[in-house]
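S.K.:
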Ligand code: ATP
Ligand code: MG
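Residue numbers (my numbering): 119 to 561.
This is the structure in structure tokens:
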């Protein structure tokens with residue numbers, strides 16, 4: 119081959135096209151997922167990028183005879199005749215009557231965890247310890263196909279709304295929001311921080327692009343071992359300029375979520391079915407002020423002591439309330455207390471005790487925080503001083519305000535949190551491909 123043209127040729131047929139090849143001999147490539155020997159014939163299941171294809175071996179089908187190197191987890195090229203068949207529940211499918219198997223690569227050992235049953239039956243920690251192997255289970259794989267769909271929906275929708283996709287640095291000289299949960303690291307003798315969020319950079323890009331989004335990792339040194347916190351997670355962030363109020367951001371998020379859910383229903387139907395995922399219908403999302411939500415929680419729940427923020431049980435209660443009252447899986451809570459929101463959050467001019475901010479709860483857990491940001495230079499410098507911060511440490515961030523920024527705001531949406539609640543998992547680690555937590559940095 120002394121020239122390449124950019125057209126990748128293949129002599130294989132994807133499963134989605136089997137329908138058009140009934141009665142013909144076709145080739146497929148994949149990994150041998152399961153071999154079930156039935157003495158005079160055998161089922162050989164081939165795992166391809168998105169499907170598991172049932173192939174049947176029998177000496178009646180051709181002169182080909184199965185050899186000892188046809189083992190589970192070997193990579194193979196299989197040829198066979200396409201025939202229609204039925205699944206156990208009676209739906210239509212296609213299988214191959216094997217006429218040849220070419221082994222392309224052999225495993226050196228047998229897998230440490232059973233991966234060819236319906237699901238991984240080992241404990242979560244064992245599943246996570248063996249991620250390179252357990253992810254091959256079609257149900258585990260489907261989780262991350264769904265996650266791909268969520269990111270794709272976020273990207274497609276925002277791109278259609280004239281957002282520019284950006285990538286901001288993850289190694290930073292100053293921590294975005296400070297606090298105790300920043301990771302410090304040695305950078306040629308200097309202390310630097312891993313980004314907790316793209317916040318300050320995405321704001322900086324508002325006078326450049328007007329609307330930006332980023333899908334990327336963020337780092338939080340969470341000191342507690344909880345079922346909803348990771349130390350590295352994927353944040354889906356956007357920031358938009360020229361907003362009339364922070365409700366514009368909530369409208370945009372509602373549009374994004376509608377688009378994502380429709381995309382999952384349409385383009386990820388097989389994964390949705392495999393996981394039994396309950397994809398929410400979104401028409402509109404109800405809103406409640408923090409103060410009103412808090413009063414309701416205090417009335418309905420016992421032992422609420424923190425009047426400034428929600429405990430997980432309050433979020434859970436509010437989730438149920440939104441479902442009963444509005445039939446909604448989502449609830450926006452707005453106007454969080456100024457004392458609880460970061461320094462860049464705009465205060466409500468009618469009541470500076472509260473901010474023009476919101477959280478989005480999904481099935482009773484926070485998945486998003488967002489709000490309008492301060493755009494006026496003096497106002498931002500004043501607020502930093504009031505909070506005991508040194509504006510000089512933020513000189514490059516403050517160039518945004520100093521040299522003019524339109525009214526703007528945005529949000530951050532945790533990908534694993536959203537996936538977790540979409541799929542009904544109890545632990546966010548189940549929705550992380552290679553989770554990082556207080557006790558885990560491998561695999
Ligand atoms: P929480 O109160 O639940 O700890 P937060 O308010 O500290 O979250 P934000 O800074 O508002 O988190 O982050 C925005 C979103 O990122 C959250 O709504 C959530 O979806 C996600 N998120 C935050 N921290 C984590 C984490 N440690 N692991 C996974 N997702 C997270
Ligand atoms: Mg938050």
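Don't be surprised by glycine CBs; every beta carbon is placed ideally from N, CA and C.
On a predicted model such as this, the values are computed, not experimentally measured, just so you know.
1) Less than 8 Å between the beta carbons of residue 397 and residue 419, yes or no?
2) Should residue 475 be listed as close to ligand 2, given that the test is whether its C-beta is under 7 Å from any heavy atom?
3) Nearer than 7 Å: is that true of the beta carbon of residue 315 relative to any heavy atom of ligand 2?
4) Any heavy atom of ligand 2 closer than 7 Å to the CB of residue 487?
5) Excluding the five sequence neighbours on either side, which residues of its own chain have a C-beta within less than 7 Å of the C-beta of residue 456, listed in chain order?
6) Look at the Cβ atom of residue 386, then the Cβ atom of residue 533, and state whether they are nearer than 8 Å.
7) Find the nearest neighbour of residue 146 within the set 504, 154 and 167, judged by alpha-carbon distance.
8) Would the beta-carbon of residue 384 be found less than 7 Å away from any heavy atom of ligand 2?
9) Whose C-alpha, out of 416, 414, 340 and 463, is nearest the C-alpha of residue 364?
10) Do the region 335-342 and the region 295-309 make contact, defined as three or more Cβ pairs closer than 8 Å?
11) Assuming residue 476 contacts residue 374 (C-beta within less than 8 Å), just tell me the rounded distance between them.
12) Between residue 434 and residue 482, which are expected to be in contact by the criterion C-beta below 8 Å, what is the C-beta distance as a whole number of angstroms?
13) If distances are taken between C-alpha atoms only, which option among 478, 376, 555 and 362 comes closest to residue 405?
14) Below 7 Å, is the gap between the Cβ of residue 210 and the nearest heavy atom of ligand 2?
15) Buried or exposed for residue 122, please, with buried defined as at least 16 other CB atoms from any protein chain shown within 10 angstroms of its CB.
16) Could you name the residues that DSSP lists as bridge partners for residue 193?
17) Taking only the alpha-carbon atoms, compute the straight-line gap between residue 509 and residue 266 and give it to the nearest angstrom.
18) Buried or exposed: which applies to residue 154, given that a residue is buried once 16 or more other Cβ atoms fall within 10 Å of its Cβ?
19) Please specify which runs of the beta strand (DSSP E), each continuous and at least 3 residues long, are wholly inside the region 432-491, giving them in chain order.
20) Determine, using beta carbons only, whether residue 372 and residue 333 come nearer to each other than 8 Å.
21) Rounded to whole angstroms, what is the Cα-Cα separation between residue 515 and residue 521?
22) For the beta strand (DSSP E) that residue 351 lies in, which residues bound it at each end?
23) Quick check: the Cα distance between residue 275 and residue 377, rounded to an integer number of angstroms?
24) On the premise that residue 315 lies in contact with residue 530, defined as a C-beta separation below 8 Å, what is that separation, rounded to the nearest angstrom?
25) Between the region 224-242 and the region 199-207, are three or more C-beta pairs nearer than 8 Å?
26) Which complete alpha helix (DSSP H) runs does the region 317-401 hold, if anything under 4 residues is left out?
27) How is residue 264 classed by DSSP in three states: helix, strand or coil?
28) Going by CA-CA distance only, name the one from 195, 326 and 182 that's closest to residue 128.
29) Quick check on residue 388: buried or exposed, where buried means 16 or more other Cβ atoms within 10 Å of its Cβ?
30) Which residues does DSSP list as the beta-bridge partners of residue 304?
31) What distance in whole Å lies between the Cβ atoms of residue 199 and residue 222, which are believed to be in contact at a cut-off of 8 Å?
32) Please confirm if the region 244-254 is in contact with the region 310-328, defined as three or more CB-CB distances below 8 Å between the two stretches.
33) Look at the alpha carbon of residue 427 and the alpha carbon of residue 413, and state the distance between them as a whole number of angstroms.
M.R.: Quick look at the numbers:
1) No.
2) no
3) no
4) yes
5) Cβ contact annotation for residue 456 (same chain, cutoff 7 Å, sequence separation greater than five): 465, 470, 471, 472 and 473, in chain order.
6) no
7) 167
8) no
9) 463
10) Yes, the region 335-342 is in contact with the region 295-309.
11) With a Cβ gap of about 14 Å, residue 476 and residue 374 do not count as contacting.
12) 4 Å
13) Minimum Cα distance to residue 405 is reached at 478.
14) no
15) exposed
16) 149 and 223
17) 39 Å
18) exposed
19) 448-452, 469-473, 475-480 and 483-490
20) Cβ atoms of residue 372 and residue 333: not closer than 8 Å.
21) 11 Å
22) Segment 350-359, the beta strand (DSSP E) holding residue 351.
23) The C-alpha of residue 275 lies about 7 Å from the C-alpha of residue 377.
24) Contact holds; Cβ gap of about 6 Å.
25) Segments in contact, no.
26) Restricted to the region 317-401, the alpha helix (DSSP H) segments that are unbroken, complete and at least 4 residues in length are 317-322, 324-327, 365-385 and 387-393, listed in chain order.
27) helix
28) 195
29) Within a 10 Å sphere around the beta-carbon of residue 388 sit fewer than 16 other beta-carbons, which makes this residue exposed.
30) 309
31) No, residue 222 and residue 199 are not in contact; Cβ-Cβ is about 21 Å, not under 8 Å.
32) no
33) 12 Å
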